[in-house]
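Undergrad: Taken in order, these protein sequences are the chains called U and B.
For the first sequence, counting from 1, position 357 maps to 506 in this note's numbering; every step adds exactly one.
For the second sequence, counting from 1, position 325 maps to 474 in this note's numbering; every step adds exactly one.
Even for Gly, the Cβ is constructed at its ideal location relative to N, Cα and C.
Let me give you the structure first, and then I'll get to my questions.
There are 2 protein chains.
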Amino acid sequence: MNQPVRLALLGCGTVGAEVVRLLHEQSADLAARIGAPLEIAGIAVRRLGRDRGDLPIDPALFTTDALGLIKRDDVDVVVEVVGGIEPARGWLVEALRAGKSVVTANKALLAEDGGTLHDAAAEGGADLYYEASVAGAIPLLRPLRESLHGDRITRVTGIVNGTTNFILSAMHATGAGFVEALEEATELGYAEADPTADVEGFDAAAKAAILASLAFHTRVGADDVHREGITEVTAADVASAKAMGCTIKLLCIAARGADGQGRETVSVRVHPAMIPLSHPLAGVGDAFNAVFVEADAAGQLMFYGRGAGGSPTASAVLGDVVAVARNRLAGVRAASESAYADLPVRPMGEALTRYHISLDVADRPGVLEAVAGVFARHDVSIATVRQGPAAGGAGGAGEAILVIVTHVAPDAALAATVGELRGLDIVRSVASVLRVEGGS
Amino acid sequence: MNQPVRLALLGCGTVGAEVVRLLHEQSADLAARIGAPLEIAGIAVRRLGRDRGDLPIDPALFTTDALGLIKRDDVDVVVEVVGGIEPARGWLVEALRAGKSVVTANKALLAEDGGTLHDAAAEGGADLYYEASVAGAIPLLRPLRESLHGDRITRVTGIVNGTTNFILSAMHATGAGFVEALEEATELGYAEADPTADVEGFDAAAKAAILASLAFHTRVGADDVHREGITEVTAADVASAKAMGCTIKLLCIAARGADGQGRETVSVRVHPAMIPLSHPLAGVGDAFNAVFVEADAAGQLMFYGRGAGGSPTASAVLGDVVAVARNRLAGVRAASESAYADLPVRPMGEALTRYHISLDVADRPGVLEAVAGVFARHDVSIATVRQGPAAGGAGGAGEAILVIVTHVAPDAALAATVGELRGLDIVRSVASVLRVEGGS
């Protein structure tokens, strides 16, 4: 058996504690798989005194000096489960430059400034693994990085935030509104006290940036991602989706496309969208995550599993730890970042999508003609129109509802169409606007 | 840019031709991802004269001397898409012993005698990759081999044969019988002229052996796999499953368990089974494949995609080619076979499962008591009983139908129960027996 591979663990919250537990419980198995035992050299925490339950670890291993721990000669691998931009970035850059392998679950840092980490890894000749940063336990990044690199990925569509998926699944199942469903999620522990990062799509946007970077061999940052949350999704929207044989999901979408000059580009966005119930992503319920990948040769693929939680995240971290430990023993480094394609990121206005629009209109002749004229002026083609009496609410006599689904068009043209519709006399209100994905 | 990595391609059928096409179309992208161009050194085929359409390749590269091609000094990587045991085994052993990396899609060979290949790879210090051998384009083996190796897999349940899934999906959707659905599959090109390997479960059993070997770090061969096909699944079985909120799928199941002495074992089996419509595998339609993995820390995972076809299989082959080419350039070898656990394979009789049994019985008092007595004698616990009038067919007055679903029990006890039921006077016939999986 080889000399132990020694880990510095940065952070000992839910995920960190679970990593410690799994390392302990599976030490014999892990040693057999790696060819050397894993040892914890130290655990950096903010406060030493905190009660950490019955964690199977020598308390003397805890330290508040993270940087000192990273710099120790007997540390081979740095595992970071602290999160946030600083001080994590400084620590990981230090570790990577010194040639220490890094395993991190830090999606915010990777999305904000992944380039700095990848550059430091290249400089130090070190491994940088981050499977746990997207879709928790689902082996997803490694397949994108490695298994599919003989193929050409055209589109990635994901449900990558468990909190919002729980909320939208509940709204679909029970007809509840957003506020009510969020309350349920909070009570059950699926939403944090401040749910902003989840419900406003920040968490999903960070993951979208990481996925797009890997899928398209292009550095995509969180700022490149168009982001809309789910706070404005109403029970009426969900009912409307259901009536169309659809459900509403918060999707992250990263797609190849071409700009006006025919140059290849990528568009990366996070927003709620209707998808048909027959789509594999529609069946992803509760707090599960799933990522649907389309590639030229492979066709359609989907990866499904738990996206969050201590155990699933720790499983992904440990998978990475085993990989980097094996690499160290073999004296090698895994495939590094590949950003050779360097495609420009297209603004949201140029992204191609479809809209589902519900209008409260005056119930009189000529309304459909006027509405259709607005779509035509913006060069947006209508796929279906459904016209019916107003479904109650404020509507009285003389009102009707018009439900329009478009063909694919640039988002800017669709948005401008909606803007002009709002200004029409005969349109009392635009009751809902939702993008439609996953169809033909 | 580095010197080219040179490939010997063995076989040029549907998959081989697609590999040639993808190598040609994506040569610039592949070179960028690998850090060196890929070149085809030669293609071994059975007959030189065959018309190969407009394949973008110099006809001078074709040869009938596979072994000579493999032995050439300028060949770095051998890609085998011929299939079958011999001569493929001899060729691959020769290549691996000579230190040449091997990428193969040959599930039959891996299931029959994977150990010989792994031993040759270890001897020659060469890479052996076979992502395409199970579930076509779905990145599945690499995640099992690498991403989840920090975790403990407890169970793998897969739909790994597209032909049978197409047939069973059609039976579920239309109520058709097996023969009729097989005819449709043949017409649409989803079933071969001789469908035996698919419908009798041989193909799925080979894949089950490969999956079990990887998941449980144990060499499992095709002979270790209990195998039942779908030829005896009737329209009545499918209707019965539907009535229970289930559907019938041909499942491959590899599960950890314990023998009578508490020693850890694995059981590996392929058979049709009912699964609840709410199970993620139930929604896997047409010829798609999916593999559902349960692990201690990761929880439930599912991998979904196209399991067969020239393009998806070629995509998986190419992903492996890129990986082994990168390894060669880096002068390293990937994680080799891990068979350290070496768990005993439990016979089918000890596998734990549940049965769904339909009996045509005499409609008179005491029948249920007599039937229940048989279950009790074999220590099989009954979960639900549904009793009703005979549903037509041969049944007349004085007959009833009894539908029983058991709790989990050893397969031998369940089979013995059914055997004794067949002998009861009051049981006119055992209308159907199906295992039930995927429930609690």
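1) For residue 476 of chain U, write down the residues that DSSP places opposite it in a beta bridge.
2) Verify whether the separation of the beta carbon atoms of residue 295 of chain B and residue 482 of chain U is less than 9 Å.
3) Tell me, please, whether the CB atom of residue 339 of chain U is closer than 9 Å to any CB atom in chain B?
4) Using the beta-carbon of each residue, which ones in chain B are nearer than 8 Å to residue 318 of chain U?
5) Give me, in chain order, the residues of the same chain whose beta-carbon lies closer than 6 Å to that of residue 223 of chain U; leave out the 5 immediate sequence neighbours on both sides.
6) Taking the continuous beta strand (DSSP E) assigned at residue 234 of chain B, which residues delimit it?
7) How far does the beta strand (DSSP E) with residue 424 of chain U in it reach, from first residue to last?
8) Give the DSSP bridge partners of residue 451 of chain B, in chain order.
9) Under 9 Å, Cβ to Cβ, is there at least one residue of chain B near residue 366 of chain U?
10) Put residue 249 of chain B into one of helix, strand or coil per three-state DSSP.
11) Using a C-beta to C-beta distance shorter than 7 Å, which residues of chain U count as neighbours of residue 452 of chain B?
12) Take residue 166 of chain U and list the residues in its own chain whose beta-carbon comes closer than 8 Å to its own, dropping the five residues that flank it on each side.
13) Name the DSSP bridge partner or partners of residue 398 of chain U?
14) Classify residue 547 of chain B: buried if its beta carbon has 16 or more other beta carbons within 10 angstroms, exposed otherwise.
15) Can you confirm whether the stretch 467-480 of chain U touches the stretch 351-360 of chain U when touching is taken to mean that 3 or more C-beta pairs between the two stretches lie within less than 8 Å?
16) Starting from the C-beta of residue 320 of chain B, find all residues in its chain whose C-beta is less than 6 Å away, skip the five residues before and the five after it, and write them out in chain order.
17) With a CB to CB cut of under 6 Å and the five nearest residues on each side skipped, what residues in its chain are close to residue 577 of chain B?
18) Residue 333 of chain B by DSSP, collapsed to three states: which one?
19) Which value, in whole angstroms, describes the spacing of the CA atoms of residue 431 of chain U and residue 310 of chain B?
20) Run the CB neighbour count on residue 216 of chain B, radius 10 Å, all protein chains shown included, and call it buried at 16 or more, exposed below.
21) Note the first and the last residue of the continuous alpha helix (DSSP H) segment covering residue 521 of chain U.
22) Any C-beta of chain B sitting closer than 9 Å to the C-beta of residue 461 of chain U?
23) Between the stretch 165-195 of chain B and chain U, which residues of the former have CB atoms less than 8 Å from a CB of the latter, in chain order?
24) Using Cβ-Cβ distances below 7 Å, what residues of the stretch 462-478 of chain U are close to chain B?
25) Can you tell me whether residue 285 of chain B is buried or exposed? The criterion is at least 16 other CB atoms within 10 Å of its CB, across all chains shown.
26) Can you find a C-beta in chain U that's less than 9 Å from the C-beta of residue 543 of chain B?
27) State yes or no: is the C-beta of residue 289 of chain U within less than 9 Å of the C-beta of residue 444 of chain U?
28) Distance, Cα to Cα, residue 580 of chain B vs residue 365 of chain B?
29) Alpha carbon to alpha carbon, what distance is there between residue 507 of chain B and residue 542 of chain B?
30) Given a cut-off of 9 Å on the beta-carbon distance, is the pair residue 555 of chain B and residue 494 of chain B in contact?
31) Can you give me, in chain order, the residues of the stretch 480-502 of chain B that have a beta carbon less than 7 Å from any beta carbon in chain U?
32) Kindly indicate the opening and closing residues of the alpha helix (DSSP H) around residue 180 of chain B.
33) Tell me, please, whether the CB atom of residue 333 of chain U is closer than 9 Å to any CB atom in chain B?
34) Mapping DSSP to helix, strand and coil, what is residue 280 of chain B?
35) Assign residue 544 of chain U to one of three DSSP states: helix, strand, or coil.
TA: From the atom records:
1) Within the first sequence, the letter at position 327 stands for residue 476 of chain U. None; residue 476 of chain U has no bridge partner.
2) Against the second sequence, residue 295 of chain B aligns to sequence position 146. Against the first sequence, residue 482 of chain U aligns to sequence position 333. No, these two residues do not count as a Cβ contact at 9 Å.
3) By 1-based counting over the first sequence, the position of residue 339 of chain U is 190. Closer than 9 Å: no.
4) Indexing the first sequence from 1 puts residue 318 of chain U at position 169. Going along chain B, no residue has its Cβ under 8 Å from residue 318 of chain U, so there is no contact; the nearest lies around 13 Å.
5) For the purposes of this step, residue 223 of chain U is identified with residue 74 of the first sequence, where counting begins at 1. Cβ within range, chain order: 155 and 190.
6) Taking the second sequence and counting its residues from 1, the one referred to as residue 234 of chain B is at position 85. No beta strand (DSSP E) contains residue 234 of chain B, which DSSP labels as neither H nor E.
7) For this step, residue 424 of chain U is matched to residue 275 along the first sequence. Under the DSSP assignment, residue 424 of chain U falls in the beta strand (DSSP E) whose first and last residues are 413-425.
8) For this step, residue 451 of chain B is matched to residue 302 along the second sequence. DSSP output for residue 451 of chain B lists U/453 and B/441 as bridge partner(s).
9) Sequence index remark: in the first sequence, residue 366 of chain U carries index 217 (1-based). Interface residue, yes.
10) On the second sequence, position 100 is the one that residue 249 of chain B refers to. Of the three classes helix, strand and coil, the one that applies to residue 249 of chain B here is coil, per DSSP.
11) Translated into positions along the second sequence, residue 452 of chain B becomes position 303. The answer, in chain order, is 452.
12) Walking along the first sequence from the start, residue 166 of chain U turns up at place 17. Excluding positions up to five away in sequence, the list reads 201, 202, 204 and 459.
13) Walking along the first sequence from the start, residue 398 of chain U turns up at place 249. According to DSSP, residue 398 of chain U bridges with U/422.
14) As a first step, residue 547 of chain B is located in the second sequence; it is residue number 398 there, counting from the start. Residue 547 of chain B comes out exposed.
15) no
16) Taking the second sequence and counting its residues from 1, one reaches residue 320 of chain B at position 171. In chain order, 330 and 387 place their CB closer than 6 Å to the CB of residue 320 of chain B, counting only its own chain and leaving out the 5 sequence neighbours on each side.
17) Residue mapping note: residue 577 of chain B aligns to position 428 of the second sequence, counting from 1. Take residue 577 of chain B, set aside five residues on each side of it, and the residues of its chain with a beta-carbon closer than 6 Å to its own are 509, in chain order.
18) The residue you call residue 333 of chain B lines up with position 184 of the second sequence. In the structure shown, residue 333 of chain B sits in a helix (DSSP, three-state: H, G or I).
19) Taking the first sequence and counting its residues from 1, one reaches residue 431 of chain U at position 282. Taking the second sequence and counting its residues from 1, one reaches residue 310 of chain B at position 161. Whole-angstrom Cα-Cα distance: 24 Å.
20) Here residue 216 of chain B corresponds to residue number 67 of the second sequence, with the count starting at 1. Exposed, by the Cβ-count rule.
21) The residue labelled residue 521 of chain U in the question sits at position 372 within the first sequence. Note, residue 521 of chain U: alpha helix (DSSP H), 516-526.
22) For the purposes of this step, residue 461 of chain U is taken as residue 312 along the first sequence, with counting starting at 1. Closer than 9 Å: yes.
23) Residues 167, 171, 175, 178, 179, 181 and 182.
24) 463, 464, 467, 468, 470, 471, 472 and 475
25) Residue mapping note: residue 285 of chain B aligns to position 136 of the second sequence, counting from 1. It counts as buried.
26) Along the second sequence, one-based indexing puts residue 543 of chain B at 394. At residue 543 of chain B, the pLDDT of 49 sits below 50, so the modelled position is not reliable; the number obtained from the coordinates is stated separately. No, its Cβ sits nowhere closer than 9 Å to a Cβ of chain U.
27) One-based indexing of the first sequence puts residue 289 of chain U at position 140. One-based indexing of the first sequence puts residue 444 of chain U at position 295. It is not a contact, given that the beta carbons lie outside the stated cut-off.
28) Within the second sequence, the letter at position 431 stands for residue 580 of chain B. Within the second sequence, the letter at position 216 stands for residue 365 of chain B. Each residue's Cα considered, the two are about 37 Å apart.
29) Numbered from 1 along the second sequence, position 393 holds the residue referred to as residue 542 of chain B. Numbered from 1 along the second sequence, position 358 holds the residue referred to as residue 507 of chain B. Confidence at residue 542 of chain B is low in this model, with a pLDDT of 48, below 50, so its placement is unreliable and the value that follows should be read with caution. In this structure, the straight-line span from the alpha carbon of residue 542 of chain B to that of residue 507 of chain B is close to 14 Å.
30) In the second sequence, residue 555 of chain B corresponds to position 406, counting from 1. In the second sequence, residue 494 of chain B corresponds to position 345, counting from 1. Their beta carbons are not under 9 Å apart, which means residue 555 of chain B does not touch residue 494 of chain B by this criterion.
31) 481, 484, 487 and 489
32) Taking the second sequence and counting its residues from 1, one reaches residue 180 of chain B at position 31. Per DSSP, residue 180 of chain B belongs to the alpha helix (DSSP H) from 176-183.
33) Here residue 333 of chain U refers to the residue found at position 184 of the first sequence. Output row for residue 333 of chain U: interface = no.
34) Within the second sequence, numbered from 1, the residue matching residue 280 of chain B stands at position 131. Looking at residue 280 of chain B - three-state DSSP - the assignment turns out to be helix.
35) Taking the first residue of the first sequence as 1, we reach residue 544 of chain U at position 395. With a pLDDT of only 48 at residue 544 of chain U, under 50, the local geometry of the prediction cannot be trusted, and the value read off the model is given with reservation. Residue state, collapsed to three classes: coil.
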